[in-house]
Amino acid sequence: MTSSNEYQQNTQTLQLAIAIERHCGQLYLDWAYRFHPYDLGTSIILKELAKEEVEHEQELIRVYTEVTGKKAPTDLVKPDALQGLIQGLLQSIQDHYFVINLAMAKTILEMALNIELFTRDFYQQYLKKTQSPQVLALIRRMIEFEDNHARILMERLSRIQISHGEANSPRTGNSVASL
Numbered sequence: 012m013t014s015s016n017e018y019q020q021n022t023q024t025l026q027l028a029i030a031i032e033r034h035c036g037q038l039y040l041d042w043a044y045r046f047h048p049y050d051l052g053t054s055i056i057l058k059e060l061a062k063e064e065v066e067h068e069q070e071l072i073r074v075y076t077e078v079t080g081k082k083a084p085t086d087l088v089k090p091d092a093l094q095g096l097i098q099g100l101l102q103s104i105q106d107h108y109f110v111i112n113l114a115m116a117k118t119i120l121e122m123a124l125n126i127e128l129f130t131r132d133f134y135q136q137y138l139k140k141t142q143s144p145q146v147l148a149l150i151r152r153m154i155e156f157e158d159n160h161a162r163i164l165m166e167r168l169s170r171i172q173i174s175h176g177e178a179n180s181p182r183t184g185n186s187v188a189s190l
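Per my numbering, the very first residue in the sequence shown carries number 12; after that it's consecutive.
And the structure:
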């Protein structure tokens, strides 16, 4: 049986997870459209990641309903930590909607990678706080997905840098070590 404290923790954390997945799905879809004229392959990858984020959101909503007996709120706000992570990026890419150069492409892909690492870390912290077998199984799957997404983004980032004659950036190298 779940304690009142764990129930509250599960409820709040699942709401945050739903908000994160929802927001990331929207961001990735937007970025996919921005990449379309510059790099169709990256655009397709970002569309697929957006689709998976929506699927994750739906799975989290289902588990939320099963755990709480209530419908998930629709007015969830993304966590401040995630907003802080992306705020600088959103300001740096306002000059052009579409990706127009390598610097912009790298900025977006690095931000997507940082978001995946942030989300994975969020789930890992939550993993330590729950006892519910159902929630534990879901969170473990989410961590695997986030790791896979990070690998895909690192590969894509490396590929665009190589195609433009650049070595791996130091920031990406540091992120890789955390996987």
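Backbone N, C-alpha and C define an ideal beta-carbon position, used for all residues, glycine too.
Unbroken alpha helix (DSSP H) run spanning residue i, endpoints
i    : result
N21  : 15-46
T76  : 51-79
F129 : 113-138
L87  : That residue, L87, is in no alpha helix (DSSP H); it is neither H nor E in DSSP.
F156 : 144-174
Cβ-Cβ distance between residue i and residue j below 8 Å
i    : j    : result
A61  : L40  : yes
I126 : C35  : yes
I29  : L113 : no
Q26  : A83  : yes
S103 : T85  : no
L71  : E32  : yes
Y49  : I111 : yes
L149 : V74  : yes
T24  : Y108 : no
Whole-number beta carbon distance between residue j and residue i, since they are thought to touch under 8 Å
i    : j   : result
F156 : E63 : 7 Å
Pairwise C-alpha distance: residue j and residue i
i    : j    : result
H67  : Q172 : 30 Å
T130 : P90  : 11 Å
N16  : Q135 : 19 Å
K140 : T53  : 36 Å
R167 : L120 : 8 Å
D106 : S169 : 25 Å
L51  : D158 : 23 Å
T81  : N21  : Position check: residue 81 holds Lys in this sequence, whereas Thr was assumed. The straight-line gap from Cα to Cα measures roughly 13 Å.
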